[in-house]
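For the sequence shown, position 43 matches number 42 in numbering that gives the first Met the number 0, and the numbering has no gaps at all.
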Amino acid sequence: MIKSIAVFCGSSEGYDKVYMKAAREAGATLATRKIELIYGGSKAGLMGAIADGVLENGGIVTGVIPGFLKTVEIVHTGITELVTVGNMHERKLKMHELSDAVITMPGGWGTMEEFFEMLTWGQLGLHRKPIGLLNVNGYYDSLAALNKSMVTEGFLKENTANMLLISNNINDLLYQMEHYTAPEIPEWLTRQTT
Ligand code: AMP
0 MIKSIAVFCG SSEGYDKVYM KAAREAGATL ATRKIELIYG GSKAGLMGAI
50 ADGVLENGGI VTGVIPGFLK TVEIVHTGIT ELVTVGNMHE RKLKMHELSD
100 AVITMPGGWG TMEEFFEMLT WGQLGLHRKP IGLLNVNGYY DSLAALNKSM
150 VTEGFLKENT ANMLLISNNI NDLLYQMEHY TAPEIPEWLT RQTT
């Protein structure tokens, strides 16, 4: 059962209002389903919108932010708990430790970096969490296409590619995530090498 989800998303709002609206609605859905939000602790952009969506609906929000970003990203002061960490690496690790699953919503490089690190940790068998991509407004159509090209061009195994769950609907994505089983990891990775 998924009790907490780390959400990676943009610190920007995007030009189309559909992105902020989707983030707020995703937050409301998490709160309604009693799933705690773990996120980067900012009140800017989609990050702020999803936190507000959870809080407005009586849910729990834990923010994880490195000390040096506290001013740049404008900390959300209304969240349930704010955890301050030393750097970006510690932030990702802490968000990982606190969450049962991961969702990525539209965002920029920071969002992508966090998303791909979680995917690659999963690929290596370092965790078995479901990872969902909430494809708001077709924003990630090109990424989904790239994922397919990686398989057809021989740079990504098909069952690994299938670890990434994609939907344009938060409830459908959560359904897929709740029914997800991680693939068995290759034998060479089960040795104490990771
Ligand atoms: P962005 O998608 O670029 O708006 O950034 C969204 C989140 O990713 C914010 O919480 C940023 O602090 C974080 N972020 C930005 N750059 C990086 C990076 N190089 N490594 C890890 N996280 C980052």
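Think of the CB as a built atom: it goes at the ideal place given N, C-alpha and C, for glycine as much as any other residue.
Counting other Cβ atoms within 10 Å of its Cβ, residue 60 reaches 16 or more and is therefore classed as buried. DSSP places residue 80 in the strand class (E or B) of the three-state scheme. Boundaries of the beta strand (DSSP E) around residue 100: 100-103. The Cβ atoms of residue 121 and residue 181 lie closer than 8 Å to each other. With contacts defined by Cβ atoms closer than 8 Å, residue 169 and residue 25 form a contacting pair. Note on geometry: alpha-carbon atoms of residue 28 and residue 53 lie some 8 Å from one another. In the three-state reduction of the DSSP assignment, residue 22 falls in the helix class. In the three-state reduction of the DSSP assignment, residue 166 falls in the strand class. Taking a cut-off of 8 Å on C-beta distances, the region 1-13 touches the region 92-110, as three or more cross pairs fall below it.
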